[in-house]
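In full-length UniProt numbering, the protein residues as written are 2 to 252.
All residues carry an ideal CB built from backbone N, CA and C; glycine is no exception.
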Ligand code: PEP
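Right, dumping it as structure tokens:
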């Protein structure tokens, strides 16, 4: 990964109840303690109500960082049900996913609102994990590279840097389906993404580019070895430590 620290991020989505969630995080922390040389950053993005509880269990200087799954663009106000990036930071998050395809689909988020959320994450001192990815119809029409380039143009805000922004390529048709692109397709997409963002701003070309979509123990090593892949965003396989741990062990 050319000196870029790999990131293995778990997106728990709307999963995690007490006391299972606390047991999971404690188990993961204990396993990481047995492998002090692990080179990757490990991030867990639980449902927001769990953030302070998990932060408390991990302690302030844990090897495991926490992240939100979404944030509002504003700092406060009349936005029932929304959570500000500053509130995630208060609750112990250092990262925030923005623009996940489930948010884009379920909540009508477009590139413009995703960029505003990334700005909010940066304002709150969080590293934004900006998600992009084509649908199956777009891939089958041969438009995947163009669609993702357009999403990058629209979703990456001014002020994005390799320090405050991570990009996750998540083909919509690979999320939760057990299907993955070929390693050649992942390599082509990541090469294309890196060249595209570097064209906009040479420094941006050094952002970590994660692959996400049905990453599991059986395919993680192969996917993580692809050029320009700097880690993984993992959904289903991040929920149980026995599934997540082999993915961490790839880096
Ligand atoms: C995700 O939703 O970010 C994801 C990659 O899900 P899964 O690993 O379950 O495909």
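Ends of the beta strand (DSSP E) at residue i?
i, result
"residue 95", "94-99"
"residue 181", "That residue, residue 181, is in no beta strand (DSSP E); it is neither H nor E in DSSP."
"residue 12", "8-12"
"residue 169", "166-170"
"residue 209", "209-213"
"residue 78", "Note, residue 78: premise wrong, no beta strand (DSSP E); not H, not E."
"residue 232", "232-235"
Any heavy atom of ligand 1 within a distance shorter than 7 angstroms of the CB on residue i?
i, result
"residue 176", "yes"
"residue 12", "yes"
"residue 115", "no"
"residue 238", "yes"
"residue 108", "no"
"residue 156", "no"
"residue 213", "yes"
"residue 191", "no"
"residue 171", "yes"
"residue 101", "yes"
In three-state DSSP terms, what is residue i?
i, result
"residue 73", "strand"
"residue 240", "coil"
"residue 128", "strand"
"residue 115", "helix"
"residue 203", "helix"
"residue 21", "helix"
"residue 66", "strand"
"residue 133", "strand"
"residue 83", "coil"
"residue 194", "helix"
"residue 107", "helix"
"residue 163", "coil"
"residue 39", "coil"
For the candidate residues the options, whose alpha-carbon lies nearest to that of residue i?
i, options, result
"residue 113", "84, 152 and 94", "152"
"residue 70", "15, 24 and 57", "15"
"residue 65", "95, 156, 235 and 190", "95"
"residue 233", "147, 20, 42 and 35", "42"
"residue 195", "90, 154, 242 and 245", "154"
"residue 12", "250, 222 and 214", "214"
"residue 117", "148, 156, 193 and 105", "156"
"residue 76", "82, 104 and 86", "86"
"residue 30", "127, 192, 62 and 20", "62"
"residue 67", "55, 74 and 73", "55"
"residue 90", "50, 35, 9 and 225", "50"
"residue 105", "134, 79, 122 and 78", "134"
Could you spell out the range, first to last residue, of the alpha helix (DSSP H) harbouring residue i?
i, result
"residue 155", "145-156"
"residue 43", "Per DSSP, residue 43 belongs to no alpha helix (DSSP H); it is in the beta strand (DSSP E), 42-46."
"residue 220", "218-225"
"residue 89", "86-91"
"residue 50", "That residue, residue 50, is in no alpha helix (DSSP H); it is neither H nor E in DSSP."
Can you determine whether any heavy atom of ligand 3 sits closer than 7 angstroms to the C-beta of residue i, and answer yes or no?
i, result
"residue 234", "This structure lacks ligand 3; the ligands present are ligand 1."
Between residue i and chain D, is any beta-carbon pair separated by less than 8 angstroms?
i, result
"residue 214", "Of the protein chains in this structure there is only one, and it is not chain D."
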